[in-house]
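So the sequences go chain by chain: Z and L.
Using this note's numbering, read the first sequence as starting at 64 and increasing by one per residue.
Using this note's numbering, read the second sequence as starting at 64 and increasing by one per residue.
There are 2 protein chains.
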Amino acid sequence: MNQKFFSLPQERQDLIRNSAMVEFGEGSFKKTSADAIAKRAGVSKGLLFHYFKDKRELYLYLFQYAIDECIHIFDRHMLKAAYFGETDFFRTLEIGQKVKMDMVRRHPGLFRFVMRAYYERDNVLTPKLRKKLDDVLRETTDSFLSRMDLHKFKDGVDPKTLVRLLTLAAEGMLAETRAITPEEINNLFQEYQKYADMLRRHLYKEEYL
Amino acid sequence: MNQKFFSLPQERQDLIRNSAMVEFGEGSFKKTSADAIAKRAGVSKGLLFHYFKDKRELYLYLFQYAIDECIHIFDRHMLKAAYFGETDFFRTLEIGQKVKMDMVRRHPGLFRFVMRAYYERDNVLTPKLRKKLDDVLRETTDSFLSRMDLHKFKDGVDPKTLVRLLTLAAEGMLAETRAITPEEINNLFQEYQKYADMLRRHLYKEEYL
DNA sequence: CCGCCATTGACCAAATCGGTCAACCCCCCA
DNA sequence: TGGGGGGTTGACCGATTTGGTCAATGGCGG
Numbered sequence: 064m065n066q067k068f069f070s071l072p073q074e075r076q077d078l079i080r081n082s083a084m085v086e087f088g089e090g091s092f093k094k095t096s097a098d099a100i101a102k103r104a105g106v107s108k109g110l111l112f113h114y115f116k117d118k119r120e121l122y123l124y125l126f127q128y129a130i131d132e133c134i135h136i137f138d139r140h141m142l143k144a145a146y147f148g149e150t151d152f153f154r155t156l157e158i159g160q161k162v163k164m165d166m167v168r169r170h171p172g173l174f175r176f177v178m179r180a181y182y183e184r185d186n187v188l189t190p191k192l193r194k195k196l197d198d199v200l201r202e203t204t205d206s207f208l209s210r211m212d213l214h215k216f217k218d219g220v221d222p223k224t225l226v227r228l229l230t231l232a233a234e235g236m237l238a239e240t241r242a243i244t245p246e247e248i249n250n251l252f253q254e255y256q257k258y259a260d261m262l263r264r265h266l267y268k269e270e271y272l
Numbered sequence: 064m065n066q067k068f069f070s071l072p073q074e075r076q077d078l079i080r081n082s083a084m085v086e087f088g089e090g091s092f093k094k095t096s097a098d099a100i101a102k103r104a105g106v107s108k109g110l111l112f113h114y115f116k117d118k119r120e121l122y123l124y125l126f127q128y129a130i131d132e133c134i135h136i137f138d139r140h141m142l143k144a145a146y147f148g149e150t151d152f153f154r155t156l157e158i159g160q161k162v163k164m165d166m167v168r169r170h171p172g173l174f175r176f177v178m179r180a181y182y183e184r185d186n187v188l189t190p191k192l193r194k195k196l197d198d199v200l201r202e203t204t205d206s207f208l209s210r211m212d213l214h215k216f217k218d219g220v221d222p223k224t225l226v227r228l229l230t231l232a233a234e235g236m237l238a239e240t241r242a243i244t245p246e247e248i249n250n251l252f253q254e255y256q257k258y259a260d261m262l263r264r265h266l267y268k269e270e271y272l
């Protein structure tokens with residue numbers, strides 16, 4: 064790709080990246096047109112192909128970028144939790160949700176794009192990239208769980224199962240959402256919090272409530 | 064539409080409907096091509112337009128059909144539960160999951176199609192149809208909850224919230240799934256069962272465990 | 001052997017595709 | 001004020017795909 068892209072103002076880079084991720088997130092690689100991306104970004108198609116030699120290069124760059132951003136977000140999350148000396152599963156989760164909210168505000172189409180890219184039929188994504196995402200997801204979950212105080216859970220509660228359940232619910236909410244306005248995000252967050260609260264109330268030993 | 068479609072053998076109707084729902088379920092209305100549908104069904108495009116006057120008519124018919132099928136499935140579910148005199152939230156849910164499994168086996172693309180159709184940008188779906196789906200979803204949830212024995216839950220557990228959480232998780236799982244093979248379906252429902260079991264164990268009063 | 005009907009695949013004009021490129025605009029420096 | 005120079009445009013390209021049509025076909029029942 065054309066390195067000059069990175070000397071563009073940050074917000075212009077974001078505009079192009081976000082538009083592309085939103086469009087790629089709505090359909091398969093083949094069905095997503097460069098025209099649509101350019102139109103969404105309010106930019107000419109010529110400019111797109113000035114910075115990226117073709118559609119595939121743009122796609123692969125976006126995937127790399129999205130994964131890096133996910134890692135970055137998770138690190139911020141963990142750093143913030145560590146700063147407060149937090150080891151509580153649900154409170155750390157809540158911090159994480161707030162960090163994620165910032166991310167969704169900055170990159171509204173990122174999560175959906177990553178998911179679609181991961182399950183893309185055509186072999187546009189190399190197995191190596193797919194594995195990289197796998198690793199990131201596994202490592203972040205493990206890292207999160209290893210830092211939490213899991214004694215607070217009642218006997219028989221598997222925290223990993225719980226994380227997976229909450230992640231699935233979040234994915235379900237994401238799948239339902241169309242408009243990604245700030246207040247919409249707020250609603251999502253509040254709904255998610257409701258489920259987390261319910262689970263906390265009943266999966267923690269009573270002395271920790 | 065051409066009424067002769069209904070005098071086709073049942074399995075041929077299913078072949079065409081399922082192929083169309085799978086294709087429509089993968090992208091927006093506009094991005095889904097009649098060619099792809101015909102190809103998936105192993106049928107000529109001419110035949111498609113012989114039975115349906117255009118893409119939009121096929122789409123609307125499918126949506127109607129899908130909703131009716133959902134209602135039918137729910138009724139079977141409730142009838143089966145009533146037959147066994149079942150009033151337990153989780154056991155009824157399990158029966159429901161089994162009924163749904165049959166449905167997914169018969170109509171692999173139905174759920175995804177319905178979801179995509181509901182959130183379709185273009186106004187191909189009339190507000191009336193959208194509302195119909197809303198009503199069905201609300202009514203089935205209410206009907207389900209009204210027949211269940213909700214005293215078994217610990218104080219402070221809102222069964223409606225619980226249903227929503229489980230539904231979201233199911234949607235999340237659906238969003239993750241690509242291949243819709245029988246064994247894949249089996250795995251999904253086993254995973255779902257795991258979450259339901261965990262919740263049952265901790266949200267029910269101890270005397271009901 | 002006929003007639004009927006489901007089914008085909010070649011065909012159409014129009015739209016859309018990924019990608020190119022000469023020209024333009026605007027700011028900066030001379 | 002004049003001229004680079006680089007970010008940016010939008011018209012343009014040939015190729016493909018689009019939704020939809022239709023004359024021809026094939027096979028089956030009578």
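In this text, a Cβ means the ideal position worked out from N, Cα and C, and glycines have one as well.
Name, in chain order, the residues that DSSP records as bridge partners for residue i.
i, result
"Tyr258 of chain Z", "In DSSP, Tyr258 of chain Z forms no bridge with anything."
"Phe216 of chain Z", "Z:Tyr267"
For residue i and chain Z, any beta-carbon pair shorter than 7 Å?
i, result
"Lys94 of chain L", "yes"
"Ala234 of chain L", "Note on identity: in this sequence residue 234 of chain L is Glu, with Ala being the wrong assignment. Interface residue, yes."
"His135 of chain L", "no"
"Leu266 of chain L", "yes"
"Gly90 of chain L", "yes"
"Ala238 of chain L", "yes"
"Tyr258 of chain L", "yes"
"Leu228 of chain L", "yes"
"Leu231 of chain L", "yes"
When DSSP labels each residue in this structure, what does residue i get in the three-state scheme?
i, result
"Tyr267 of chain Z", "strand"
"Pro245 of chain Z", "helix"
"Asn65 of chain Z", "coil"
"Leu173 of chain Z", "helix"
"Leu251 of chain L", "helix"
Over the uninterrupted alpha helix (DSSP H) stretch that includes residue i, give me the two end residues.
i, result
"Tyr182 of chain Z", "Element bounds for Tyr182 of chain Z: n/a, residue is neither H nor E."
"Arg201 of chain Z", "Pro190 to Arg210"
"Pro222 of chain L", "Pro222 to Glu239"
"Leu78 of chain Z", "Gln73 to Glu89"
Are the C-beta of residue i and some C-beta of chain L separated by less than 7 Å?
i, result
"Ala242 of chain Z", "no"
"Tyr182 of chain Z", "yes"
"Leu121 of chain Z", "no"
Can you check the segment 92–157 of chain L for any alpha helix (DSSP H) of at least 4 residues that lies completely inside it and give the ranges in chain order? 97–104, 108–114 and 118–146
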